[in-house]
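Student: Okay, here's the structure, questions in a sec.
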Amino acid sequence: MTWNGIDESKYALLTTYRKDGTPVATPVWVAPDGDRLVVWTNPGTGKVKRIRRNPEVSLQTCDARGKTTSGPVVRGHAEVLGAEGTERVRAAVIKKYPISGRLLIRAHRLFKGADGSVGVAIAEI
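Numbered per my numbering, the sequence shown spans residues 6 to 130.
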């Protein structure tokens with residue numbers, strides 16, 4: 006599998022789709038986990054709701070504000086993970102973003118609890 010540099014990028018633009026097919030793009034941190042990319046997020050976000058309804062997503066490298074770079078768009082199939090998978094995502098995020106990832110995950114767990122975040126795994130299609 007090749008992610009065309011998305012796995013090495015600091016940010017990726019994750020595009021999910023509404024019921025009517027309208028794309029919704031959100032800049033996220035992504036981390037590699039085997040041949041998949043993983044995302045760590047709040048379980049109540051729109052992207053999680055949209056992924057549960059329609060797992061088709063696309064990814065492209067971007068900056069922190071979501072401005073895309075010259076990289077290609079890669080299509081994927083996303084899956085919202087359970088508790089064990091989410092722990093694995095947290096570890097992958099901390100590995101890629103050692104300082105900011107660790108601080109953010111610890112703070113999030115402190116204020117939101119263990120169930121206050123969810124992992125999403127994306128397989129390239």
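Even for Gly, the Cβ is constructed at its ideal location relative to N, Cα and C. On a predicted model such as this, the values are computed, not experimentally measured, just so you know.
Which residues mark the beginning and the end of the beta strand (DSSP E) in which Gly87 is found?
Tutor: It is not in any beta strand (DSSP E) - Gly87 carries neither H nor E in the DSSP assignment.
Student: Classify Val33 as helix, strand or coil using the three-state DSSP reduction.
Tutor: strand
Student: Tell me whether Val123 sits in a helix, a strand or coil according to DSSP, three-state version.
Tutor: strand
Student: Distance, Cα to Cα, Pro103 vs Leu18?
Tutor: 21 Å
Student: Tell me whether the segment 90-101 and the segment 57-66 touch, counting them as touching only if at least three CB pairs, one residue from each stretch, are closer than 8 Å.
Tutor: With a cut-off of 8 Å, the segment 57-66 and the segment 90-101 do not count as touching, because too few Cβ pairs lie within range.
Student: Here's the rule: buried if 16 or more other CB atoms are within 10 angstroms of the residue's CB, otherwise exposed. What is Thr20?
Tutor: buried
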